[in-house]
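**Q** Going by numbering that gives the first Met the number 0, the sequence shown runs without a break in its numbering and finishes at 278.
We treat Cβ as the ideally placed atom computed from N, Cα and C, and that holds for glycine.
Quick one: structure below, then a few questions.
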Amino acid sequence: MEFTREEAVRRLEETVSNDEPIIGAGAGTGMSAKFAERGGVDLLIIYNSGRYRMNGRGSLAGLLPYGDANEIVVDMGRQVLPVVEDTPVLAGVNGTDPFRQMDVFIEDLKRRGFSGVQNFPTVGLIDEDSQFRRNLEETKMGYDKEVEMIREAAEQDMLTCPYVFTEEQAQEMTEAGADVIVSHMGLTTSGDIGAETALDLDAAAERVQAHHDAAKAVSDDVLVICHGGPIAWPDDAEYVLNETEGVVGFFGASSLERLPTEEAIENQAREFKSMEFRP
0 MEFTREEAVR
10 RLEETVSNDE
20 PIIGAGAGTG
30 MSAKFAERGG
40 VDLLIIYNSG
50 RYRMNGRGSL
60 AGLLPYGDAN
70 EIVVDMGRQV
80 LPVVEDTPVL
90 AGVNGTDPFR
100 QMDVFIEDLK
110 RRGFSGVQNF
120 PTVGLIDEDS
130 QFRRNLEETK
140 MGYDKEVEMI
150 REAAEQDMLT
160 CPYVFTEEQA
170 QEMTEAGADV
180 IVSHMGLTTS
190 GDIGAETALD
200 LDAAAERVQA
210 HHDAAKAVSD
220 DVLVICHGGP
230 IAWPDDAEYV
240 LNETEGVVGF
250 FGASSLERLP
260 TEEAIENQAR
270 EFKSMEFRP
């Protein structure tokens, strides 16, 4: 079911007031969405990397030209939205897409039953000091387009939960009307197709805190949660939340979908292979 921005924000604020963490879950399949909802998550997020991830490919496939990211999200919505009963579902929107009239596209997402948006694929994952990133920014395919997309979604009364990678971006997204700032620590580690290069948890906590402080300097109403990098398992998220002040939750994609699936299927297969029988 679709939630208005006001309804979705109120639910999140109630979660925080009950001393519970806000938990968002990426959903690459209807099955993932159904059981994440049963587990009590507060938000479900669909974006193109979910499809690649659940097909055994790294999440960064979502940043490469393997498909139309925005069209993939619409298609995934047909699989996920009908099985979700009472949780806001967000669409991961490629805000730099030069072939979408963004106000029309966001209106269409809302009509389809999405309650909010997130900026993914995001050029924020590309090193700001790289020539490639500089060229993207110079040719009007930069992070500012993602900020504009979030502003448009907020104006259309959708919940907005953008990824940010720097303090400046945290401020820009908050000024654009973001409801939830998701402090992104990079590609999630652990598992078969996770990253090996990442910050340690203490450095991640410091960076998350900096993003939080920058966002709160713009609006005290904005909620800040963390995601990615070394924050891969529940213990990791708990550590970061306890080492920061004012950060109220965690968004997991690989953490809530890929990693538990990898373990569960492999262990179940081993259980069956270890059966004793008389041929």
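#1: Secondary structure at GLN155, three-state DSSP: helix, strand or coil?
#2: Taking the alpha-carbon positions, what's the ASP41 to GLY23 distance?
#3: In terms of DSSP beta bridges, what is ILE71 paired with?
#4: Specify the secondary structure class of PHE104 as computed by DSSP and reduced to three states.
#5: Let me know the secondary structure DSSP gives SER58 once reduced to three states.
#6: Any contact of the region 206-224 with the region 173-188, i.e. 3+ C-beta pairs under 8 Å?
#7: Within 10 angstroms of the Cβ of TYR51, are there 16 or more other Cβ atoms? Answer buried if so, exposed if not.
#8: Determine, using beta-carbon pairs with one atom in the region 127-138 and one in the region 56-67, whether at least three such pairs fall under 8 Å.
#9: Considering only the beta carbon of each residue, do ALA236 and LEU258 sit closer than 8 Å?
#10: Given this structure, state the Cα-to-Cα distance separating LEU255 from GLU244, to the nearest angstrom.
#11: Provide the residue span of the alpha helix (DSSP H) that contains ILE264, from first to last.
#12: Out of GLU145, ALA177, HIS183 and VAL179, which one is the CA nearest neighbour of VAL163?
#13: Using C-beta distances below 8 Å, list every residue in its chain close to VAL207, excluding the 5 sequence neighbours before and after it, in chain order.
#14: Measure from the alpha carbon of VAL72 to the alpha carbon of each residue in ARG37, ASP102, LEU108 and VAL103, then state which is nearest.
#15: What are the start and end residues of the alpha helix (DSSP H) that includes ALA216?
#16: Between SER273 and GLY29, what straight-line distance do the alpha-carbon atoms span, to the nearest angstrom?
#17: Give a yes or no on whether the C-beta atoms belonging to TYR46 and GLN155 are separated by under 8 Å.
#18: Alpha carbon to alpha carbon, how far is PHE27 from PHE113?
#19: What first and last residue would you give for the beta strand (DSSP E) that runs through LEU89?
#20: If we ignore side chains and look at the alpha-carbon of each, how far apart do ARG77 and PRO161 end up?
#21: Give the straight-line distance between the Cα atoms of ILE192 and LEU200, rounded to the nearest whole angstrom.
#22: Hey, quick one: how far does the alpha helix (DSSP H) through GLU236 stretch, first residue to last?
#23: Around the C-beta of ASN54, are 16 or more other C-beta atoms found within 10 angstroms, so that it is buried, or is it exposed?
#24: Out of curiosity, what's the CA-to-CA distance linking ASP212 and GLU270?
**A** Let me spell this out:
#1: Judged by DSSP in its simplified three-state form, GLN155 adopts coil rather than helix or strand.
#2: Cα-Cα distance, rounded: 6 Å.
#3: Paired residues: none, contrary to the question.
#4: Taken through DSSP and simplified to helix, strand or coil, PHE104 comes out as helix.
#5: If DSSP states are grouped into helix, strand and coil, SER58 belongs with the helices.
#6: Under the Cβ criterion (8 Å, minimum of three pairs), the region 206-224 counts as touching the region 173-188.
#7: Buried is the call here.
#8: No: fewer than three Cβ pairs fall under 8 Å.
#9: No, these two residues do not count as a Cβ contact at 8 Å.
#10: If you take the alpha carbons of LEU255 and GLU244, they lie about 24 Å apart.
#11: It spans 258-272 - the alpha helix (DSSP H) in which ILE264 sits, taken as one unbroken run.
#12: The shortest CA-to-CA distance from VAL163 to any of GLU145, ALA177, HIS183 and VAL179 is the one to HIS183.
#13: Excluding five sequence positions before and after VAL207, the CB atoms of its chain that fall closer than 8 Å to its own CB belong to SER182, MET184, VAL223, CYS225, VAL239, THR243 and VAL246, given in chain order.
#14: Residue LEU108 is the option with its Cα nearest to VAL72.
#15: Taken as a continuous stretch (DSSP letters only), the alpha helix (DSSP H) holding ALA216 covers 200-217.
#16: The alpha-carbon separation between SER273 and GLY29 amounts to approximately 31 Å.
#17: The answer is no: Cβ separation not under 8 Å.
#18: Note that residue 27 corresponds to Gly in the displayed sequence, not to Phe. Whole-angstrom Cα-Cα distance: 15 Å.
#19: Note, LEU89: beta strand (DSSP E), 88-92.
#20: The straight-line gap from Cα to Cα measures roughly 23 Å.
#21: Model confidence at ILE192 stands at a pLDDT of 43, short of 50, so the residue's coordinates are unreliable; what they give is reported in the following sentence. If you take the alpha carbons of ILE192 and LEU200, they lie about 20 Å apart.
#22: It should be noted that the sequence gives Ala, not Glu, for residue 236. Taken as a continuous stretch (DSSP letters only), the alpha helix (DSSP H) holding ALA236 covers 233-242.
#23: Counting the other Cβ atoms within 10 Å of the Cβ of ASN54 gives fewer than 16, which makes it exposed.
#24: Roughly 48 Å between the two C-alpha positions.
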